[in-house]
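Participant: For the sequence shown, my numbering assigns the number 2 to the initial residue and increments by one for each residue that follows.
Below is the structure I would like to discuss, written out as structure tokens.
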Amino acid sequence: MLQKLSFILLACFGCTSLSQAQETCIIEGTFSNTKLCHGDAHIQKVYLNRMNEMELPILVDSATVNGNSFVIKHQLKDGHQSEIYLLTGFDNGNTAFFVEPGTVKIHMDAAYPNGAHATGTPTNDLYEAYKRIGEQCTRIQMDSLRQFSQIHPVAWIDSKEGIASRTRIGGEAKFKTHLARMRFLLEHNDSPLSPLMMQKELLYTISFDEANRLRQSMNPALDGHPYEEAFSNAVLAKNIGIGSELPNITMPTADNKKLTLKDFRGKYVLLDFWAS
């Protein structure tokens, strides 16, 4: 009986430890080069920043670079949802990746942090796969132009006809990439990556009707996620008019709380917009 009780206690302790581990995002960074882009200085410290509703960075954590690596053990708040954070401290941009429970491994060059690769958690792995679609587009264009230059003389390449041919190659590759990205995001529409990239990279290329169909295709699992809300608001903002559905405007209050337009559903609301 005592052995059985001990086993139960150990099992419970294991569950508790797992629960605690899931409340932490461990960020393990490795540099292939620690020298910054401008000057001779090397990266000494990195800073983890959360993005607020206005997409402004808010410092939440930091770590000292030891040799060519660093570790940040960032405690997540209850109800934390996977979101893009920025790693700063560089002199030539920053690194964007998703903060979520688990261990994120980031490989980067301190001189070019925008080219970092973050893996190890579901959304970051998905983000890397999504970025490879764009990288493939670049490779296709470069290969096509390389073959193009081997076939045609330089004078013809710079002619009106040659420029038109090169433009067609680029346009075709970009259109195929656009379709591949949309297909990818629809196949993974239960991930916060989907509404985020739809808003940032696809929304401006499509009509309101197409955008609204994308909005309606979002997986219910994302209901309430800030990226789903932002994408929905951006779509609705494309068609504001009498009788149309309004974006769910968020308004800060004097006591640092938030009100949304949905809080006043069924009531008359006067909206007063100021611009400068």
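Note that CB positions come from ideal geometry on N, CA and C, so glycine has one too.
Would you call L57 buried or exposed, if buried means 16 or more other Cβ atoms sit within 10 Å of its Cβ?
Facilitator: In the sequence shown, counting from the first residue as 1, residue 57 sits at position 56. Burial call: exposed.
Participant: Just curious, the alpha helix (DSSP H) that V155 is in, first and last residue?
Facilitator: Residue 155 sits at position 154 when you count from the first residue of the sequence shown. Residues V155 to I158.
Participant: Locate the alpha helix (DSSP H) running through G135, then write down its first and last residues.
Facilitator: Counting from 1 along the sequence shown, the entry for residue 135 is found at position 134. Its alpha helix (DSSP H) spans residues P123 to I152.
Participant: Pop quiz: L247 and L262 are said to be a contact at Cβ under 8 Å. What is the actual Cβ separation, rounded to whole angstroms?
Facilitator: Mapped onto the sequence shown, residue 247 falls at position 246. Mapped onto the sequence shown, residue 262 falls at position 261. Indeed they touch by this definition, with Cβ atoms about 6 Å apart.
Participant: Would you report the Cα separation of Q45 and R266, rounded to the nearest angstrom?
Facilitator: One-based indexing of the sequence shown puts residue 45 at position 44. One-based indexing of the sequence shown puts residue 266 at position 265. Rounded to whole angstroms, Q45 to R266 spans 51 Å at the Cα level.
Participant: Determine the DSSP secondary structure at M252, reduced to helix, strand or coil.
Facilitator: As a first step, residue 252 must be located in the sequence shown, where it is residue number 251. Looking at M252 - three-state DSSP - the assignment turns out to be strand.
Participant: Alpha carbon to alpha carbon, how far is L127 from N234? Give it in angstroms, no decimals.
Facilitator: Within the sequence shown, the letter at position 233 stands for residue 234. Within the sequence shown, the letter at position 126 stands for residue 127. Approximately 24 Å, taken between the alpha carbons.
Participant: In whole angstroms, what is the alpha-carbon distance linking A22 and Y131?
Facilitator: Here residue 22 refers to the residue found at position 21 when the sequence shown is read from its first residue. Here residue 131 refers to the residue found at position 130 when the sequence shown is read from its first residue. Residue placement at A22 cannot be trusted, given a pLDDT of 45 that sits under 50; what the coordinates show is reported in the next sentence. Cα-Cα distance, rounded: 27 Å.
Participant: Report the residue from I59, L203, A119 and M109 whose alpha carbon sits nearest the alpha carbon of F185.
Facilitator: Working through the sequence shown from its first residue, we reach residue 185 at position 184. For F185, the nearest C-alpha among the options comes from L203.
Participant: What did DSSP end up calling I28 once you bin it into helix, strand or coil?
Facilitator: The residue labelled residue 28 in the question sits at position 27 within the sequence shown. Residue state, collapsed to three classes: strand.
Participant: Applying the 10 Å Cβ sphere with the 16-neighbour rule, what's the burial state of N269?
Facilitator: The residue given as residue 269 occupies position 268 in the sequence shown. According to the sequence displayed, residue 269 carries Tyr and not Asn. Classification of Y269: exposed, given that the 10 Å Cβ count is below 16.
Participant: Going straight from the alpha carbon of F98 to that of R216, what length do you get?
Facilitator: Taking the first residue of the sequence shown as position 1, residue 98 is located at position 97. Taking the first residue of the sequence shown as position 1, residue 216 is located at position 215. For F98 and R216, the distance between alpha carbons rounds to 24 Å.
Participant: In the DSSP assignment, what residue or residues form a beta bridge with T120?
Facilitator: Along the sequence shown, read from residue 1 onward, the residue named residue 120 stands at position 119. Partner(s): K106.
Participant: Please list the terminal residues of the continuous beta strand (DSSP E) segment that includes A97.
Facilitator: On the sequence shown, residue 97 is found 96 positions in, with the first residue counted as 1. Run containing A97: T96 to V100, per the beta strand (DSSP E) assignment.
Participant: Any idea what DSSP makes of P77, helix, strand or coil?
Facilitator: Here the question's residue 77 lines up with position 76 in the sequence shown. According to the sequence as given, residue 77 is Leu; it is not Pro. Correct three-state label for L77: coil.
Participant: Quick one: what's K259 bridged to in DSSP?
Facilitator: Counting from one through the sequence shown, the residue named residue 259 turns up at place 258. According to DSSP, which records beta bridges pairwise, K259 is partnered with P253.
Participant: Which residue from F149, P221 and G171 puts its Cα closest to that of S195?
Facilitator: Position 194 of the sequence shown, counted from the first residue, corresponds to residue 195. Out of F149, P221 and G171, P221 has the C-alpha closest to the C-alpha of S195.
Participant: With a CB to CB cut of under 7 Å and the five nearest residues on each side skipped, what residues in its chain are close to N213?
Facilitator: Here residue 213 is taken as the residue at index 212 of the sequence shown, counted from 1. Taken in chain order, the residues that qualify are V236.
Participant: Exposed or buried, N257, counting other C-beta atoms within 10 Å across all chains shown (16 or more means buried)?
Facilitator: Residue numbering aside, residue 257 sits at position 256 when the sequence shown is read from its first letter. Exposed is the call here.
Participant: With a 10 Å radius around its C-beta and 16 neighbouring C-beta atoms as the bar for buried, classify N1 as buried or exposed.
Facilitator: What is shown of the chain runs 2 to 277, which leaves residue 1 out entirely.
Participant: Comparing C-alpha positions only, which one of L77, I27, E173 and M183 sits nearest to E211?
Facilitator: Residue mapping note: residue 211 aligns to position 210 of the sequence shown, counting from 1. Among L77, I27, E173 and M183, the Cα nearest to that of E211 is on M183.
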